[in-house]
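>
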Amino acid sequence: MKQMLHTLITDGLQACFAQGSLSSGEVPEILLEVPNNPEHGDFATNVAMTMARAEKKAPRQIAQALVDAMTQGENPCESVEIAGPGFINFRLKPVSWFALLDEVYSRGIEYGQSDIGNGTSVQVEFVSANPTGPLHIGHGRGAAVGDAVASLLGKAGFDVQREYYINDAGNQVTMMGTSIWARVRELRGEQVEFPEDGYRGDYIRDVAADLLKEQGDKLAGLSDEEAVLLCGDYGIQVLLEIIRRDLESFGVEFDRWYSERSLYERDMVAKELAELKKRDLTFEEEGALWLRTTDYDDDKDRVLLRSDGSPTYFASDVAYHMEKFDRGFNRVIDVWGADHHGYIPRMKAMLAGLGHPPEDLEVLMIQMVNLLRDGQPVTMGKRSGEFVTLRDVVEEVGRDACRYFFLMRRADSQLDFDLELAKQQSNDNPVYYAQYAHARVCSVNRNAAEAGIRVPTSDEVDLSVLTHDNELALAKLISRYPGVIEGAALGYEPHRVVFYLHELASRFHSDYNRCRVLGEAKEVAQARLYLMNAVRLVLHNALTLLGISAPEKM
RNA sequence: GCGCCAGUAGCUCAGCCGGAUAGAGCAUCGGCCUUCUAAGCCGACGGUCGAGGGUUCGAAUCCUUCCUGGCGUGCCA
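Here the first sequence stands for residues 1264 to 1817, numbered as in our numbering.
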């Protein structure tokens, strides 16, 4: 619809230039927006105002010339008015709006899909939690947002891959091994002092018990050092499986699970370090190898190899991210918890140093989730072992509600998640509002079918019988959906879809209470069914996109 | 100290690539179930957009200073 008006305006301006009513001869960037106030029409543009300087004429005068030109021929507008300082307000004919419903039906579950991404290949890496413990609620938010962003990009015509980076190398694996080994020895009846920085969660005991049962004999013959290694590997494997399962039941699937350890096995880290050295971006100090990230706007230089020769997490991240681009991704998106934000400058610096445009890496920061119980903060931390897992929350409040909750606000603002509140309110949680709208349409469909009324095809339906304001409003809202998806995708902002969903559901519920299907004349009943099912399709598409189910009954 | 994110209705938040009267949900108050699902609808109440200064015809939106909260500022991840 916007596109149509855009063309109308451009053609109008050309006509003005041709007939001399306007002289600058240059078509400016045309901005069309939906006014807040419905009295100002369906769309408004400020072109006349932005052209004032070039034309050396009053905005309203320019607007008048343009309006005259635009309204000469056939056009989809009911009225085109000049208002205020020089806005041009367009009000479209209802028919123009209802005609757009055809597209919803012809495209079906594809409605909302666009090709603005033009097949650009994008990788979204998210969650990537250390496999040293179950996922907690913060990971859940990252999972919901990352998954939704990936889906949005897919809908916008990008070629998307979802990836989980497994931190199966480094200190935390050793610590994991040490912790499990300590529990194993406890289980054997030994007096053990638990390592100070060890993982204290109960799940470590479970892992230790399983390991003892499965490989107790083998373990008995090992030195402490060997045992820690075995425990570490075993633990990582078990926890990774738990994470996989938790994500699966949260409805998140990855195209690829990428092992950090595999980078070392293929000497990728050494290769990139050599490249950095070759480019003279590193230096040695106090026995460590540093990357001079300050050359590229970082606060301080960063260590790649510690003085004991072991690589930092940053070192493997260099290799990992360069490898991403080597795999052919045009754009790489990392979804990180906000507590890692200090890491961004060094990653960008590293890319710049290696000659890669830093803009190709986009880091989405997911702000903290403040977990509350009855208004009181719940302290979390793997070290203390006391945390609420994503699994617990999903089981308590349900996957749909959980996802909706995580997505309903901008990712870069903090989120209060009160467990008791979420449980108590699960019955009037906003997610049900949207799902309920979907279920209601399905219910009407069932009743209508029983009464022998079917949803008509675009050819059969007579939309001129739809005369209520809210019916027109619904049609307008439906037509906005593709634009919402585009905007949300380009801005990496799934919450926009949530707000749209709420608005659409709200319009629908209102309409449902006013415009009945059953008991009306057949043409009216059919037209309303037609409109209603267009709503259903959009609700379905939007909910599915966010990883939320669209139930037919509630 | 420095850096990042935030500060909008009693609470939780949208709106922020400048536009016409700042919007939702919850809470509060008042209505609507003998007709398609009341997990719903209709209405009311509620605002110095943290504060000051600047840019502009026009600022919640851009710039700047300050205040408040969170996070970061490791040879941890």
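Don't be surprised by glycine CBs; every beta carbon is placed ideally from N, CA and C.
I need the straight-line Cα distance from residue 1754 to residue 1455, nearest angstrom please.
Position 491 of the first sequence, counted from the first residue, corresponds to residue 1754. Position 192 of the first sequence, counted from the first residue, corresponds to residue 1455. Spanning the two alpha carbons is a distance of roughly 52 Å.
> From what residue to what residue does the beta strand (DSSP E) around residue 1545 run?
Translated into positions along the first sequence, residue 1545 becomes position 282. Start and end: 1545-1548.
> So what does DSSP say about residue 1395, is it helix, strand or coil?
The sequence position of residue 1395 within the first sequence is 132, counting from 1. Coil, per DSSP.
> Using 7 Å as the threshold, is the C-beta distance between residue 1628 and residue 1604 below it?
On the first sequence, position 365 is the one that residue 1628 refers to. On the first sequence, position 341 is the one that residue 1604 refers to. Contact flag set, yes.
> From the DSSP output, which residues share a beta bridge with residue 1491?
Mapped onto the first sequence, residue 1491 falls at position 228. In DSSP, residue 1491 forms no bridge with anything.
> Within a Cβ cutoff of 6 Å, which residues of the same chain sit near residue 1421, ignoring the five residues on either side of it in sequence?
For the purposes of this step, residue 1421 is taken as the residue at position 158 of the first sequence. Counting only Cβ-Cβ distances below 6 Å, and skipping sequence neighbours, we find 1380, 1383 and 1385.
> How would you write the range of the beta strand (DSSP E) that residue 1455 sits in, first residue to last?
Numbered from its first residue, the first sequence carries residue 1455 at position 192. Segment: none, residue 1455 is in no beta strand (DSSP E) and carries neither H nor E.
> Taking the alpha carbon of residue 1697 as the point to measure from, which residue in 1801, 1466 and 1710 has its own alpha carbon closest?
The count along the first sequence starts at 1 and reaches residue 1697 at position 434. Considering only alpha carbons, the answer is 1801.
> Given this structure, state the Cα-to-Cα distance separating residue 1588 from residue 1596, to the nearest angstrom.
Position 325 of the first sequence, counted from the start, is the residue given in the question as residue 1588. Position 333 of the first sequence, counted from the start, is the residue given in the question as residue 1596. So the two alpha carbons sit approximately 11 Å from each other.
> Give me the residue from 1504, 1469 and 1448 with the minimum Cα distance to residue 1482.
Here the question's residue 1482 lines up with position 219 in the first sequence. Ranking 1504, 1469 and 1448 by Cα distance to residue 1482 puts 1448 first.
> Identify the continuous beta strand (DSSP E) that holds residue 1565 and give its terminal residues.
Position 302 of the first sequence, counted from the start, is the residue given in the question as residue 1565. Residue 1565 -> beta strand (DSSP E) spans 1565-1568.
> What distance in whole Å lies between the Cβ atoms of residue 1741 and residue 1367, which are believed to be in contact at a cut-off of 8 Å?
On the first sequence, position 104 is the one that residue 1367 refers to. On the first sequence, position 478 is the one that residue 1741 refers to. Their Cβ separation, rounded to whole angstroms, is 6 Å, which keeps residue 1367 and residue 1741 in contact under 8 Å.
> Go through its chain and collect everything with a Cβ distance to residue 1340's Cβ below 6 Å, but skip five positions before and after it.
The sequence position of residue 1340 within the first sequence is 77, counting from 1. Answer for residue 1340: 1353 and 1355, listed in chain order.
> Mapping the DSSP letters down to three states, classify residue 1609 as helix, strand or coil.
The residue you call residue 1609 lines up with position 346 of the first sequence. Note: residue 1609 maps to helix in three-state DSSP.
> Under 7 Å Cβ to Cβ from residue 1773, same chain only, skipping five residues before and after it: list those, please.
If you number the first sequence from 1, residue 1773 lands on position 510. Closer than 7 Å at the Cβ level, and outside the excluded window around residue 1773, lie 1733.
> Look up residue 1330 in the DSSP assignment and say whether it is helix, strand or coil.
Here residue 1330 refers to the residue found at position 67 when the first sequence is read from its first residue. It is helical.
> Leaving out five residues on either side along the sequence, give the residues of the same chain with a beta carbon under 7 Å from the beta carbon of residue 1518.
Residue numbering aside, residue 1518 sits at position 255 when the first sequence is read from its first letter. Taken in chain order, the residues that qualify are 1424, 1425 and 1426.
> Taking the C-alpha atoms as reference points, what is the distance between residue 1387 and residue 1789?
Locating residue 1387 in the first sequence gives position 124, where the first residue counts as 1. Locating residue 1789 in the first sequence gives position 526, where the first residue counts as 1. Approximately 43 Å between the Cα atoms of the pair.
> From the DSSP output, in three-state form, read off residue 1681 for me.
To locate residue 1681, count along the first sequence from 1; it is residue 418. Note: residue 1681 maps to strand in three-state DSSP.
> Can you tell me which of 1450, 1433 and 1492 puts its alpha carbon nearest to the alpha carbon of residue 1522?
Locating residue 1522 in the first sequence gives position 259, where the first residue counts as 1. For residue 1522, the nearest C-alpha among the options comes from 1433.
> Hey, out of 1485, 1497, 1405 and 1415, whose CA is closest to residue 1443's CA?
Along the first sequence, read from residue 1 onward, the residue named residue 1443 stands at position 180. For the residues 1485, 1497, 1405 and 1415, the minimum Cα distance to residue 1443 belongs to 1497.
> Would you give the residue range spanned by the beta strand (DSSP E) that residue 1376 belongs to?
Locating residue 1376 in the first sequence gives position 113, counting from the first residue. Per DSSP, residue 1376 belongs to no beta strand (DSSP E) and is neither H nor E.
> Which of the three DSSP states is assigned to residue 1621 in this structure?
As a working note, residue 1621 is residue 358 in the first sequence. Of the three classes helix, strand and coil, the one that applies to residue 1621 here is helix, per DSSP.
> Work out the CA separation of residue 1272 and residue 1343 for me, nearest whole Å.
Position 80 of the first sequence, counted from the first residue, corresponds to residue 1343. Position 9 of the first sequence, counted from the first residue, corresponds to residue 1272. Roughly 11 Å separates the two Cα atoms.
> Between which two residues does the alpha helix (DSSP H) harbouring residue 1235 extend?
For residue 1235 there is no data in the structure shown, the boundaries of the chain being 1264 and 1817.
> Would you decide whether residue 1358 is buried or exposed? Buried here means 16 or more other CB atoms lie within 10 Å of its CB.
To locate residue 1358, count along the first sequence from 1; it is residue 95. Exposed.
> Quick one: measure Cβ to Cβ for residue 1634 and residue 1592, integer angstroms, because I've assumed they're closer than 8 Å.
Here residue 1634 refers to the residue found at position 371 of the first sequence. Here residue 1592 refers to the residue found at position 329 of the first sequence. Not really, about 34 Å apart at Cβ, beyond 8 Å.
> Restricting to runs no shorter than 4 residues, where is the alpha helix (DSSP H) found entirely within the segment 1388-1438?
Complete alpha helix (DSSP H) runs here, min 4: 1400-1418.
> Give the single residue among 1556, 1582, 1550 and 1554 whose Cα lies nearest to the Cα of residue 1570.
Counting from 1 along the first sequence, the entry for residue 1570 is found at position 307. Minimum Cα distance to residue 1570 is reached at 1550.
> Let me know if residue 1304 comes out buried or exposed under the rule of 16 or more other beta-carbons within 10 Å of its beta-carbon.
Counted from its first residue, the first sequence places residue 1304 at position 41. By the neighbour-count rule (16 or more Cβ atoms within 10 Å), residue 1304 is buried.
> Excluding the 5 residues flanking residue 1535 on each side, which residues of the same chain have their C-beta closer than 7 Å to its C-beta?
Position 272 of the first sequence, counting from 1, holds the residue named residue 1535. The answer, listed in chain order, is 1581, 1582 and 1585.
> Would you decide whether residue 1813 is buried or exposed? Buried here means 16 or more other CB atoms lie within 10 Å of its CB.
The sequence position of residue 1813 within the first sequence is 550, counting from 1. Buried, because 16 or more other Cβ atoms sit within 10 Å of the Cβ of residue 1813.
> Considering Cα atoms alone, identify which of 1479, 1453, 1396 and 1450 is closest to residue 1507.
Working through the first sequence from its first residue, we reach residue 1507 at position 244. Checked all of 1479, 1453, 1396 and 1450; the closest Cα to residue 1507 is 1396.
> Please determine if the segment 1555-1562 and the segment 1611-1618 are in contact, where contact requires at least 3 C-beta pairs separated by less than 8 Å.
They touch, by the three-pair rule.
> Since residue 1351 sits in a beta bridge, which residues does DSSP pair it with?
Taking the first residue of the first sequence as position 1, residue 1351 is located at position 88. Residue 1351 is bridged to 1308 and 1345.
> If we require 4 or more residues per run, which alpha helix (DSSP H) segments fall completely within the segment 1690-1759?
Those alpha helix (DSSP H) runs which fall completely within the segment 1690-1759 and span 4+ residues are 1693-1713 and 1732-1753.
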